[in-house]
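Residue numbers (the numbering used here): 730 to 1035.
For every residue, glycine included, the Cβ atom is placed at its ideal position computed from N, Cα and C.
Worksheet: the structure to be examined is printed underneath.
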Ligand SMILES: [Zn+2]
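Written out as structure tokens, the structure reads:
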């Protein structure tokens, strides 16, 4: 499994499509949303409702070892522990965060199985479920790698902390001002709220990179992916010990079975790569100031100037 760790609006749907243009990858978008979307029988990108999608039905059967009839797979998916956002208490979440942010080694770290809280156990089960579902997807699709971009900082750190076997990660970053503009436009957040969300999530992803080290992780930028997709996809392929291969710049969207993610997954008419830099005109001086006081330092660290 390739875990694409990123905040929302960072271009992971595009990266999934580009990786998926090779036979070694299946992109799933965000497995974390699968239980919720199964409950609503939401639409898959293949065009079918999840209850009628033969791909996710086959994955459910592969993973469960059961023969599922009709819409039974929806009930089965809805019950899977793939969503890290369980209603853990504030205290349990604070303790889990200490465990995830604490020293990597040491007998007393609080993320050990013996000392964990219910929320710790939930996170471990959730990370294990992601790895297991990815393995079932790989079996059904006949691909070596499954690229998933579930955007949950708890999941990213848990996968990093557990050093789950057969999991590699790539952190995908995007100029925080662009993410901020998208959040303000799509979610109605204030500049300050949006900047804080981008900063917090990316600080967690910096920690995830510390946990997995250079062997396990890699960081790439959305803007570089748009400008030179072959180079960035080649870097990721090299990280996974795959030989270089040219990407298909025409995005084949109808062939994928993506869960959650950016609305671009349903815009089947938009099939070429365009760098979205609307933030340069959308953001006002006050918005940029709000971003600067909170997140300029990390944005610069990622190579984004003023
Ligand atoms: Zn489908």
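- Cβ neighbours of residue 971 within its own chain (closer than 7 Å, five residues either side excluded): 753.
- The straight-line gap separating the alpha-carbon atoms of residue 943 and residue 965 is approximately 12 Å.
- Scanning 870, 829 and 815 for the CA closest to the CA of residue 751 turns up 870.
- With a threshold of 16 other beta carbon atoms within 10 Å, residue 960 falls short and is exposed.
- A direct Cα-to-Cα measurement between residue 828 and residue 807 gives close to 28 Å.
- In this structure, residue 907 and residue 1008 form a Cβ contact; the two beta carbons are roughly 4 Å apart against a cut-off of 8 Å.
- Between residue 866 and residue 875, the C-beta spacing is below 7 Å.
- Here residue 880 is buried, its C-beta having at least 16 other C-beta atoms within 10 Å.
- Of all C-beta pairs linking the segment 919 to 935 to the segment 1012 to 1031, three or more are shorter than 8 Å, placing the two stretches in contact.
- Ranked by Cα distance from residue 925, the first of 894, 974, 963 and 1022 is 1022.
- The three-state reading of DSSP puts residue 822 in helix, counting H, G and I together.
- Put simply, of 945, 902 and 985 the residue whose alpha carbon is nearest the alpha carbon of residue 1032 is 902.
- Taking a C-beta distance under 7 Å as the contact criterion, residue 851 and residue 815 qualify as a contact pair.
- With fewer than 16 other Cβ atoms from the protein chains shown falling within 10 Å of its own Cβ, residue 1035 counts as exposed.
- With a cut-off of 6 Å, the C-beta of residue 792 is classified as distant from ligand 1, since no heavy atom of the ligand falls inside that distance.
- The C-beta of residue 957 has fewer than 16 other C-beta atoms within 10 Å across all chains shown, which makes the residue exposed.
- DSSP assignment within the segment 894 to 939 yields the following whole beta strand (DSSP E) runs of 3 residues or more, N-terminal first: 897 to 902.
- One thing to note: residue 831 has its Cβ no nearer than 7 Å to the Cβ of residue 898.
- In this structure, the alpha-carbon of residue 940 lies about 33 Å from that of residue 977.
- A Cβ-Cβ separation of about 17 Å leaves residue 948 out of contact with residue 738 under the 8 Å criterion.
- Here the alpha carbon of residue 864 sits roughly 37 Å from the alpha carbon of residue 922.
- Within the chosen limit of 6 Å, ligand 1 does not reach the beta carbon of residue 855 with any heavy atom.
- With contacts defined by Cβ atoms closer than 7 Å, residue 988 and residue 757 form a contacting pair.
- DSSP links residue 876 through a beta bridge to 731 and 756.
- Between the C-alpha atoms of residue 775 and residue 811 there is a straight-line separation of about 21 Å.
- Cα atoms of residue 853 and residue 891: separation of roughly 8 Å, rounded to the nearest angstrom.
- Rounded to the nearest whole angstrom, the C-alpha separation of residue 1004 and residue 955 is 6 Å.
- Within 6 Å of the C-beta of residue 1031 there is not a single heavy atom belonging to ligand 1.
- If you draw a straight line from the Cα of residue 895 to the Cα of residue 777, it is about 31 Å long.
- The closest CA to that of residue 1019, considering only 909, 733, 951 and 1010, is found on 909.
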